[in-house]
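In the working numbering, the protein residues as written are 20 to 165. Built from N, CA and C at the ideal position, the CB exists for glycine as well. Predicted model only: the values in this text are computed from it and were never measured. The structure under discussion appears below in the form of structure tokens.
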Amino acid sequence: MRTPDDYVPQPPAKKTLFRRGLLVRCPACGDRHVFTSWFRMKPRCDSCGLVFERIAGHWTGAIGISIIISFPLLAIVLIGSIIATAPDIKTTPIVIAGVLVGIFVPLLIFPLTRTLWTALDIMMRPLRADEVDWSAAGENPPNQPD
Numbered sequence: 020m021r022t023p024d025d026y027v028p029q030p031p032a033k034k035t036l037f038r039r040g041l042l043v044r045c046p047a048c049g050d051r052h053v054f055t056s057w058f059r060m061k062p063r064c065d066s067c068g069l070v071f072e073r074i075a076g077h078w079t080g081a082i083g084i085s086i087i088i089s090f091p092l093l094a095i096v097l098i099g100s101i102i103a104t105a106p107d108i109k110t111t112p113i114v115i116a117g118v119l120v121g122i123f124v125p126l127l128i129f130p131l132t133r134t135l136w137t138a139l140d141i142m143m144r145p146l147r148a149d150e151v152d153w154s155a156a157g158e159n160p161p162n163q164p165d
């Protein structure tokens, strides 16, 4: 006989996961308090118990998201600076602008990249039944016996 623990819960809808990731919330339950400071994420969600670093090397994906966001912004700033100063291109302001974008954009989007990557990871590798306290997450495992 199967027990309720054998049922793998359905994660929230992909749109919900994505929205929660963009809003820097726990992708599983939507809890807002997933960081202790700007650069320090809690190991697990206080509400649903989701362990944010699901596998070793998990945060490599967050670094990838940071690069995907930062590089186009850097290109826009550099190209825009060149166009704005043409034909007498000044390199010092362009280099300074590029360095500032390259340093500060990744720092500013750090929390976003962590929660967004966790949401995308859940979309690709669905949660196991034991990863989340689904009663706290407000979700119910599907097909439970009545």
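Is there contact between the region 135 to 144 and the region 64 to 76, where contact requires at least three CB pairs shorter than 8 Å? yes
Report all residues from its chain with a CB closer than 7 Å to the CB of residue 128; omit the five preceding and five following residues, and keep chain order. 85, 88
Please name the residue, chosen from 32, 118, 103, that lies closest to residue 90 on a Cα-to-Cα basis. 118
If you draw a straight line from the alpha carbon of residue 31 to that of residue 79, how long is it in whole angstroms? 23 Å
How far does the beta strand (DSSP E) with residue 54 in it reach, from first residue to last? 54 to 56
Using only CA atoms, which one of 135, 107, 97 lies nearest to residue 49? 135
Start and end residues, alpha helix (DSSP H) containing residue 34: 33 to 41
Do you know how far the Cα of residue 82 is from the Cα of residue 41? 15 Å
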